[in-house]
Amino acid sequence: MKLSAAVASLAGASSALATAFELMALRPDSPIHLAPFSAAQSNLFLHLPHQNASCEGEHPNRATFHIKHGSLFLYSKDGETQEIFVDRSGMGQGKMGYLTNSPYVPPHFELENWQINSTGDLSFNGRTLVACPHSIDRAWSLWVDTSNPTPGGNKGCLPIRTRAIPVNDPIRCDYSH
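Using the working numbering, the first residue of the sequence shown is number 102, and each one after it goes up by one.
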């Protein structure tokens with residue numbers, strides 16, 4: 102499948118049947134350019150050495166996602182629901198993470214308004230993401246841009262474009278929580 106056709110299928114995925122994809126950071130001339138997204142400990146990262154996911158088959162150290170009705174999910178094992186949240190409140194400052202099989206969603210957490218545009222870039226409610234260094238195992242933590250240069254007190258954060266890359270044969274995983 103040509104990349105443009107694959108991107109077009111992802112752009113329409115928010116309202117149609119979910120299409121699996123991986124995410125990659127785009128930030129030229131930086132240490133995170135082309136870094137894949139990983140998921141562990143209910144958070145999302147770049148350059149995480151080991152995500153330690155339990156997968157149905159061999160899986161690279163990258164997370165797989167899908168969008169359904171504007172909500173972003175990890176491509177989890179059957180029976181598992183791992184949904185990405187954003188907390189843009191004053192305390193959350195754009196914090197991203199994921200909930201696992203949670204019937205309770207904290208009041209400040211937002212789950213919907215994820216989109217992939219015609220060029221394959223992911224955004225939340227029209228906002229791009231920010232990556233911050235010095236997280237666990239030297240990984241970079243991920244946040245939604247709220248115009249705060251130091252989300253969560255982190256310094257050295259970089260705004261990124263987030264490219265969705267279609268996955269032809271996705272593998273279901275249970276990411277640690």
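Each residue gets a CB set at the ideal place from its N, CA and C atoms; glycine is no exception.
Give me the residue from the options with the minimum Cα distance to residue i.
i: L173; options: L223, P208 and M125; result: L223
i: T229; options: T247, T182 and S219; result: T247
i: T220; options: P271, A265 and N162; result: A265
i: D275; options: I217, L175, H235 and H167; result: L175
i: T120; options: P267, Q194, H278 and K178; result: P267
i: M197; options: I217, G253 and Y205; result: G253
i: V231; options: Y205, M125, T201 and R262; result: R262
Mind checking whether the beta-carbon of residue i lies closer than 7 Å to any heavy atom of the ligand PLP?
i: L175; result: The model on display carries no ligand, and the ligand PLP is accordingly not part of it.
Here's the rule I'm using: 16 or more other beta-carbon atoms within 10 Å means buried, otherwise exposed. How should residue i be labelled?
i: R239; result: exposed
i: Y199; result: buried
i: M192; result: exposed
i: H170; result: exposed
i: L104; result: Residue placement at L104 is flagged as unreliable, the pLDDT there being 46, under the threshold of 50; the coordinate-derived value follows with that caveat. Exposed is the call here.
Pull the bridge partners of residue i from the DSSP assignment, please.
i: V245; result: L230
i: N144; result: A141
i: M125; result: P137 and R264
i: K169; result: S172
Got a sec? Which residues, its chain only, sit under 6 Å from residue i by beta carbon, not counting five neighbours each side?
i: N269; result: none
i: P150; result: D238
i: G257; result: P234
i: S277; result: A141, Q142 and N153
Might you give, ordered along the chain, the residues of its own chain that have their beta carbon closer than 7 Å to the beta carbon of residue i, omitting 5 neighbours on each side?
i: N214; result: G171, F225 and N226
Ignore the nearest five residues each way along the sequence and tell me which others in residue i's own chain have a CB closer than 8 Å to its CB.
i: E157; result: K178, I272, R273 and C274
i: E123; result: P137, F138, R163, A164, T165, F166, A265, I266 and V268
Checklist entry - Should the segment 241-259 be called in touch with the segment 123-143, which here means at least 3 C-beta pairs below 8 Å? => result Yes, the segment 241-259 touches the segment 123-143.
Item to check | Three or more C-beta pairs below 8 Å linking the segment 143-154 and the segment 182-200 | outcome: Taking one beta carbon from each stretch, the segment 143-154 and the segment 182-200 have 3 or more pairs nearer than 8 Å; the two touch.
Checklist entry - Given 8 Å as the limit, is there contact between the segment 186-198 and the segment 206-215, that is, 3 or more CB pairs closer than that? => result The segment 186-198, when compared against the segment 206-215, does touch it at the 8 Å Cβ threshold.
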